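Visitor: Dropping a structure here in structure tokens format, bear with me for questions.
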Amino acid sequence: MEDARRYGLDLGADDLDPQAGAGVWPKNVDAVTAFLAVQSQWRVVSMPDGSLRATGLDYGGVKAGLKMSGIKMKPGLWAELRVIERAARAEMNGGQQ
Numbered sequence: 095m096e097d098a099r100r101y102g103l104d105l106g107a108d109d110l111d112p113q114a115g116a117g118v119w120p121k122n123v124d125a126v127t128a129f130l131a132v133q134s135q136w137r138v139v140s141m142p143d144g145s146l147r148a149t150g151l152d153y154g155g156v157k158a159g160l161k162m163s164g165i166k167m168k169p170g171l172w173a174e175l176r177v178i179e180r181a182a183r184a185e186m187n188g189g190q191q
């Protein structure tokens, strides 16, 4: 807990419970749920070597997917979804943005 505080994380007992949220911290559940609802809506480009590179989520597809999933988007949730998008894009592109 002391290490977490040193890095600005305020963890409670639920955050350390491995059964709570199946590995997702409670404060992140809404953002992860939104991302999972639209995780297939990526824009990709073909590179000269024939590989594919993710450029980001297709926001039109994301909007439709969230609406059809009954998820109401608010600015804070949108910002959290964009953080997940950036991390997922980097991972999909081999660590490169």
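Residue numbering for the sequence shown follows my numbering, starting at 95 and increasing by one per position.
Just so it is clear, CB atoms sit at the ideal spot from N, CA and C, and this is done for glycine as well.
All of these numbers come straight from a predicted model, not from anything done at the bench.
1. Please determine, among Val126, Pro169, Thr149, the residue with the shortest C-alpha to C-alpha distance to serine 140.
2. Would you say valine 132 and leucine 171 are within 8 Å of each other, going by their C-beta atoms?
3. Can a CB atom of chain C be found closer than 8 Å to the CB of leucine 171?
4. Can you tell which of Asp104, Leu151, Val138 has its C-alpha closest to the C-alpha of lysine 128?
5. Between the C-alpha atoms of valine 126 and arginine 176, what's the straight-line distance to the nearest angstrom?
Guide: Inspection of the coordinates gives the following:
1. Here residue 140 refers to the residue found at position 46 when the sequence shown is read from its first residue. It is Thr149.
2. Within the sequence shown, the letter at position 38 stands for residue 132. Within the sequence shown, the letter at position 77 stands for residue 171. Not a contact, by the Cβ cut-off of 8 Å.
3. Among the chains of the structure shown, chain C does not appear; only one protein chain is present.
4. Walking along the sequence shown from the start, residue 128 turns up at place 34. First, the amino acid is wrong: residue 128 is alanine here, not lysine. Among Asp104, Leu151, Val138, the Cα nearest to that of alanine 128 belongs to Leu151.
5. Numbered from 1 along the sequence shown, position 32 holds the residue referred to as residue 126. Numbered from 1 along the sequence shown, position 82 holds the residue referred to as residue 176. If I take the Cα positions, the gap works out to 11 Å.
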